[in-house]
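Protein chains: 2
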Amino acid sequence: MELSKRERSLVKALTTRNGRRRSGCCRCEGVRAVRELLDHFPQLVQFTVATERGLAALPGVVPQNLRMVDEKSFEELSDTVNSQGILAVASIPPEPAEPVSGDFILALDQLGDPGNFGTIIRTFRAAGGKELWYTKGSIDPWGDKAIRSGMGAQFGLNMRRFETLDELAKRAGDCGYCNFFIADPHEGESCFTCPGLFDHSVIVIGGEPNGVLGGYAPAGKVIIPMPGNYESLNAAQAATVIIFESVRRKLAGEPC
Amino acid sequence: MELSKRERSLVKALTTRNGRRRSGCCRCEGVRAVRELLDHFPQLVQFTVATERGLAALPGVVPQNLRMVDEKSFEELSDTVNSQGILAVASIPPEPAEPVSGDFILALDQLGDPGNFGTIIRTFRAAGGKELWYTKGSIDPWGDKAIRSGMGAQFGLNMRRFETLDELAKRAGDCGYCNFFIADPHEGESCFTCPGLFDHSVIVIGGEPNGVLGGYAPAGKVIIPMPGNYESLNAAQAATVIIFESVRRKLAGEPC
Chain A
0 MELSKRERSL
10 VKALTTRNGR
20 RRSGCCRCEG
30 VRAVRELLDH
40 FPQLVQFTVA
50 TERGLAALPG
60 VVPQNLRMVD
70 EKSFEELSDT
80 VNSQGILAVA
90 SIPPEPAEPV
100 SGDFILALDQ
110 LGDPGNFGTI
120 IRTFRAAGGK
130 ELWYTKGSID
140 PWGDKAIRSG
150 MGAQFGLNMR
160 RFETLDELAK
170 RAGDCGYCNF
180 FIADPHEGES
190 CFTCPGLFDH
200 SVIVIGGEPN
210 GVLGGYAPAG
220 KVIIPMPGNY
230 ESLNAAQAAT
240 VIIFESVRRK
250 LAGEPC
Chain B
0 MELSKRERSL
10 VKALTTRNGR
20 RRSGCCRCEG
30 VRAVRELLDH
40 FPQLVQFTVA
50 TERGLAALPG
60 VVPQNLRMVD
70 EKSFEELSDT
80 VNSQGILAVA
90 SIPPEPAEPV
100 SGDFILALDQ
110 LGDPGNFGTI
120 IRTFRAAGGK
130 ELWYTKGSID
140 PWGDKAIRSG
150 MGAQFGLNMR
160 RFETLDELAK
170 RAGDCGYCNF
180 FIADPHEGES
190 CFTCPGLFDH
200 SVIVIGGEPN
210 GVLGGYAPAG
220 KVIIPMPGNY
230 ESLNAAQAAT
240 VIIFESVRRK
250 LAGEPC
């Protein structure tokens, strides 16, 4: 089928938060992102737009409601410089119904940069993480840039949004995740030796260093040792160090 | 003194590679980047442009050849949305004369993205790294974006550029760095257990996985374990995991 005028407008509108809010949809561009979407939420796909080239990059896959377009038409829709010739429009996934699982919850507090947010999502997914929670004031992880930076890894995680860090902490506690840690650039226990860091815990990145979570529990501070004495890493790098320390401990058979 | 017309043109020209090549200068914007520059290469500063606000953010520092401007004039020169009101124009540092030192050399091969390059520079600096080498085909680390992403950390490292990975390997070998590792997304020894990974070694990020370095030495492959089974991390995240594994081993007193 051809891409209708209405669909074309929708694809363009979805680059704005307003467009996503009105339609309840997001756009998911690139081979990897579309594959993640189809693997995890095929039922959410409204339609897929592809060129011959884009479709060829997904062998054996028949995307729903496929609209074939030529390269020139695709470039007009694409938000990237070198497009991969494929994008899908999907309903934004609802809050996951499945119970909270995994060793620890990664919580992003008021993380404003879509590139950082996307990178953390992708890294957490690569490390086998499951629960990625975030607070209001963070960038929309279903935005175009965050999905591209995350390469659609958001579709493979349980993404849960909370109004405040307090509410997040309460929910985590209710689910049995009772150890709270906040990554702090200045002080705290080393992420390489901190006991129980990944044992049914919540690790907050980007949070207020002196925050107390919900009156619910005081948070331990965890620091990434920096022998270079060069202040803080950016949020994505800090998250990466912590996430892969969990991988290392697990593979080494050390207590988590 | 006032900012001259010639200086104003130079500041603008330095956002392009051509402008940097012609003048041999780079521009260094933001409080942190300017501080790094002044700490390590004050003699390279040609002039500094600042607003009252920008200068106030560097207490106790008197930048060379200071040109005070108002906020509006600064915005016209700035390459950022929310400027910090300070930038310096400096000669691009020459190849460092000091001998090669540090536990390992981090080598970036044909790394094309300035954000990634800058992030790796900053992360390596934070971890106490010293030698950051790169090959032709990489983005210019003295470009505006790379300096901003790196927050000027390039001024605190020994940055050395090579025409090819072969030449890089030869030079490293001549300096006693004889163990070569290439970060590979698909196979290799785990970066968490690989012996000698940081023992007078060269670790290549972004290199051709099957490359042999200069006929000089075959490179070992090192992999970042990814339980999520989600292909590769981006170059900056991969570098971050490896860089901080070196910090962890050192702090734990494990063999490097």
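Chains as they are written, first to last, in numbering that gives the first Met the number 0: chain A, 0 to 255; chain B, 0 to 255.
Positions of the beta carbon are idealized from the N, C-alpha and C atoms, including for glycine.
When the beta-carbon positions are compared, Pro62(A) and Thr79(A) stay at least 8 Å from each other. In terms of Cα proximity to Ser77(A), the closest of Arg124(A), Gln109(A), Lys144(A), Ala126(A) is Lys144(A). Beyond the five residues adjoining it in sequence on each side, Gly175(A) comes within less than 7 Å, by CB distance, of His199 in the same chain, given in chain order. In this structure, Trp141(B) and Arg21(B) do not form a Cβ contact; the two beta carbons are roughly 13 Å apart against a cut-off of 8 Å. DSSP, reduced to helix, strand and coil, places Gln63(B) outside both helices and strands of the structure shown, so it counts as coil. No Cβ of chain B is located within less than 8 Å of the beta carbon of Leu107(A).
In the pairwise beta carbon analysis, the region 49–66 of chain B is classified as touching the region 84–91 of chain B: at least three pairs are separated by under 8 Å. A distance below 8 Å between beta-carbons, with the five flanking residues on each side excluded, links Phe191(A) to the following residues of its chain, in chain order: Pro224, Glu244. Across the set Arg5(A), Gln236(A), Pro254(A), Cys255(A), the C-alpha of Gln236(A) shows the shortest separation from the C-alpha of Arg121(B).
Check the Cα spacing between Phe197(A) and each of Ala152(A), Ser100(A), Tyr229(A): the tightest is with Ser100(A).
Here Ile119(B) carries a helix assignment [DSSP, helix/strand/coil]. Taking a cut-off of 8 Å on C-beta distances, the region 163–170 of chain B does not touch the region 115–130 of chain B, as fewer than three cross pairs fall below it. Residues of chain B with a Cβ closer than 8 Å to the Cβ of Asn233(A) are, in chain order, Thr118, Arg121. Interface annotation, Thr79(A): not in contact with chain B, CB-CB separation never under 8 Å. Glu188(B) sits in a strand when the DSSP states are folded into three classes. According to DSSP, Ser200(A) shares a beta bridge with Phe103(A), Asn178(A).
Taking the C-beta atoms as reference points, Ile146(B) is found no nearer than 8 Å to Gly111(B).
The straight-line gap separating the alpha-carbon atoms of Phe161(A) and Thr15(A) is approximately 21 Å. Counting only residues of its own chain and dropping the five nearest sequence neighbours on each side, Pro184(A) has a CB closer than 6 Å to the CB of Ser231.
Under the DSSP assignment, Val68(B) falls outside any beta strand (DSSP E); it carries neither an H nor an E label. Collapsing the DSSP output to three states places Ser77(A) in coil. Against chain B, the CB of Met225(A) has a partner CB under 8 Å away; the residue lies at that interface. Under the three-state reduction of DSSP output, Leu36(A) falls in the helix class. Of the residues Arg34(A), Leu43(A), Cys27(A), Gly155(A), the one whose Cα lies closest to the Cα of Leu57(A) is Arg34(A). Leu250(B) counts as exposed, since fewer than 16 other beta carbons sit within 10 angstroms of its beta carbon. For Leu250(A), the nearest CB of chain B lies under 8 Å from its own CB, placing it at the interface with that chain. Val10(B) is not a Cβ neighbour of Arg31(B), given a cutoff of 8 Å. Residues of chain B whose Cβ lies closer than 9 Å to the Cβ of Phe191(A) are, in chain order, Phe243, Val246, Arg247, Leu250, Ala251. Looking from the CA of Ser90(A), the closest CA among Glu75(A), Phe116(A), Arg66(A), Leu13(A) belongs to Leu13(A).
The beta carbon of Ala238(A) is closer than 6 Å to those of Ile119, Ile204 in its chain, skipping five residues each way along the sequence. A Cβ of chain B is located within less than 8 Å of the beta carbon of Arg124(A). Per DSSP, Gly18(B) is one residue of the alpha helix (DSSP H) stretching across 16–22.
Scanning its chain for C-beta atoms nearer than 8 Å, with the 5 sequence neighbours on each side dropped, one finds around Gly136(A) the residues Asp108, Gln109, Gly111, in chain order. Going by DSSP, Gln236(A) is part of the alpha helix (DSSP H) stretching over 234–251. In this structure Phe40(B) touches Phe154(B) by the C-beta definition: roughly 6 Å separates them, less than 8 Å.
Counting only Cβ-Cβ distances below 7 Å, Gln63(B) has no contacts in chain A at all, with the closest Cβ about 23 Å away.
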